[in-house]
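*Asks:* Residue numbers (the numbering used here), protein chains in the order written: chain D, 2 to 115; chain X, 82 to 198.
All C-beta atoms, glycine included, are put in the ideal place defined by N, C-alpha and C.
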Amino acid sequence: GENVEQHPSTLSVQEGDSAVIKCTYSDSASNYFPWYKQELGKRPQLIIDIRSNVGEKKDQRIAVTLNKTAKHFSLHITETQPEDSAVYFCAASIDTGTASKLTFGTGTRLQVTL
Amino acid sequence: GAVVSQHPSRVICKSGTSVKIECRSLDFQATTMFWYRQFPKKSLMLMATSNEGSKATYEQGVEKDKFLINHASLTLSTLTVTSAHPEDSSFYICSASGTSGRYNEQFFGPGTRLTVL
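1) Helix, strand or coil for arginine 121 (chain X)? Go by DSSP, reduced to three states.
2) My output table needs one value for aspartate 28 (chain D): the three-state DSSP class, helix, strand or coil.
3) Would you report the Cα separation of tyrosine 117 (chain X) and tyrosine 139 (chain X), rounded to the nearest angstrom?
4) Using CA coordinates, which residue listed in D:Leu115, D:Leu103 and D:Gln112 is at the minimum distance from alanine 30 (chain D)?
5) Look up phenylalanine 172 (chain X) in the DSSP assignment and give the residues it is bridged to.
6) For a minimum of 3 consecutive residues, which ranges assigned as the beta strand (DSSP E) are wholly contained in the region 133-174 of chain X?
7) May I ask you to verify whether the region 12-30 of chain D touches the region 84-91 of chain X, counting CB pairs closer than 8 Å and requiring at least 3?
8) Report all residues from its chain with a CB closer than 6 Å to the CB of serine 131 (chain X); omit the five preceding and five following residues, and keep chain order.
9) Tell me which same chain residues have a C-beta within less than 7 Å of the C-beta of serine 154 (chain X), skipping the five on either side of it?
10) Taking the beta strand (DSSP E) that leucine 47 (chain D) belongs to, which residues open and close that run?
11) Hey, does proline 89 (chain X) have any beta-carbon neighbour from chain D nearer than 8 Å?
12) Give me, in chain order, the residues of the same chain whose beta-carbon lies closer than 7 Å to that of isoleucine 51 (chain D); leave out the 5 immediate sequence neighbours on both sides.
13) Pull the bridge partners of glutamate 75 (chain D) from the DSSP assignment, please.
14) Taking beta-carbon pairs under 7 Å, can you tell me which members of the region 122-153 of chain X lie near chain D?
15) Output the distance between the C-alpha atoms of cysteine 94 (chain X) and lysine 101 (chain X), rounded to the nearest integer angstrom.
16) The beta strand (DSSP E) with aspartate 96 (chain D) in it runs from where to where?
17) Which term fits threonine 97 (chain D), buried or exposed, when burial requires 16 or more other beta carbons within 10 angstroms of its beta carbon?
18) Run the CB neighbour count on asparagine 4 (chain D), radius 10 Å, all protein chains shown included, and call it buried at 16 or more, exposed below.
19) List the residues of chain X whose Cβ lies closer than 8 Å to the Cβ of lysine 43 (chain D), in chain order.
20) Buried or exposed for valine 162 (chain X), going by 16 or more other Cβ atoms inside 10 Å?
21) Please identify, using Cβ separations under 9 Å, the residues of the region 97-113 of chain D that lie next to chain X, in order along the chain.
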């Protein structure tokens with residue numbers, strides 16, 4: 002089955018700096034890669050996703066890049082703010098047109114300090 | 082739109098009892114629901130996938146007789162933890178996918194924290 006590795010496990014940045022979280026996946030058939038933000042005791046919230054037919058996607062301060070050949074994808078957060086502090090999970094799945102299961106990475110705890 | 086609720090949000094039970102957790106899609110029809118388990122400071126581990134009107138598909142290592150899943154309607158799935166033991170204490174989260182959002186998008190419930198004494 003799919004295996005997703007994520008690093009770093011913790012990341013501390015100063016407010017205004019950029020943060021980068023990287024994930025690798027094992028199944029070359031995976032073609033859908035969402036990123037979730039989870040605050041303590043809360044539900045995961047989808048913040049951005051990318052499909053394998055594109056290499057990069059951006060939404061304001063958040064961007065995701067995908068390298069299918071190397072089987073890795075990354076989350077980039079620019080101009081970080083204290084409210085960006087949370088745990089971020091990457092995930093991978095095979096998008097068949099109907100709901101398919103997600104395999105999650107191990108999570109990155111991001112702390113944005115003032 | 083695309084709201085998923087879970088009930089209860091917290092439950093404490095005695096060892097050996099059964100606990101039922103409900104997952105509801107409030108404003109869309111959920112053809113597929115997923116149940117996850119999350120230990121403190123850990124990732125989400127998929128337990129099972131359920132499609133409305135059919136039996137759930139369990140992930141390897143998940144006991145189907147212990148974690149009973151029923152997806153009887155397009156808006157409701159239930160997870161029953163039978164004969165709960167302290168090692169079953171965890172954060173259980175459901176997600177739903179269906180007629181809202183883009184296909185394949187999963188909407189997560191707020192989670193249920195189960196503590197077994």
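*Replies:* Reading it off the structure:
1) Looking up residue 121 (chain X) in the second sequence gives position 40. Inspection of the sequence shows that residue 121 (chain X) is occupied by proline rather than by arginine. Assignment of proline 121 (chain X) by DSSP, reduced to helix, strand and coil, places it in the coil class.
2) Here the question's residue 28 (chain D) lines up with position 27 in the first sequence. Coil, per DSSP.
3) Within the second sequence, numbered from 1, the residue matching residue 117 (chain X) stands at position 36. Within the second sequence, numbered from 1, the residue matching residue 139 (chain X) stands at position 58. Distance between the alpha carbons of tyrosine 117 (chain X) and tyrosine 139 (chain X) is about 11 Å.
4) As a position in the first sequence, residue 30 (chain D) is number 29, starting the count at 1. Minimum Cα distance to alanine 30 (chain D) is reached at D:Leu103.
5) As a first step, residue 172 (chain X) must be located in the second sequence, where it is residue number 91. Its beta-bridge partners are X:Gln119 and X:Arg194.
6) 148-154 and 157-162
7) no
8) In the second sequence, counting from the first residue as 1, residue 131 (chain X) sits at position 50. Taken in chain order, the residues that qualify are Met114, Ala137, Ile150, His152 and Ser158.
9) Taking the first residue of the second sequence as 1, we reach residue 154 (chain X) at position 73. Cβ neighbours of serine 154 (chain X) beyond the five flanking positions: Glu133.
10) Residue numbering aside, residue 47 (chain D) sits at position 46 when the first sequence is read from its first letter. Counting along the chain, the beta strand (DSSP E) containing leucine 47 (chain D) begins and ends at 46-52.
11) Within the second sequence, residue 89 (chain X) is the residue found at index 8, counting from 1. Cβ-Cβ to chain D under 8 Å: no for proline 89 (chain X).
12) Counting from one through the first sequence, the residue named residue 51 (chain D) turns up at place 50. So the qualifying residues of the chain are Phe34, Lys58, Val65, Leu67 and Phe74.
13) Taking the first sequence and counting its residues from 1, one reaches residue 75 (chain D) at position 74. Looking at the sequence shown, residue 75 (chain D) is not glutamate but serine. Serine 75 (chain D) pairs with D:Lys23 and D:Thr66.
14) Against chain D - using a Cβ distance shorter than 7 Å - the residues of the region 122-153 of chain X are Ser124, Leu125, Leu127 and Thr130.
15) For the purposes of this step, residue 94 (chain X) is taken as residue 13 along the second sequence, with counting starting at 1. For the purposes of this step, residue 101 (chain X) is taken as residue 20 along the second sequence, with counting starting at 1. If I take the Cα positions, the gap works out to 11 Å.
16) Within the first sequence, residue 96 (chain D) is the residue found at index 95, counting from 1. Segment: none, aspartate 96 (chain D) is in no beta strand (DSSP E) and carries neither H nor E.
17) Within the first sequence, residue 97 (chain D) is the residue found at index 96, counting from 1. It counts as exposed.
18) Along the first sequence, read from residue 1 onward, the residue named residue 4 (chain D) stands at position 3. Exposed, by the Cβ-count rule.
19) Translated into the one-based positions of the first sequence, residue 43 (chain D) becomes position 42. Going along chain X in sequence order, the residues near lysine 43 (chain D) (Cβ under 8 Å) are Pro191 and Gly192.
20) Numbered from 1 along the second sequence, position 81 holds the residue referred to as residue 162 (chain X). When all chains shown are included, valine 162 (chain X) counts as buried.
21) Per Cβ criterion, the list reads Thr97, Gly98, Thr99, Ala100, Ser101, Lys102, Leu103, Thr104, Phe105, Gly106, Thr107, Gly108 and Arg110.
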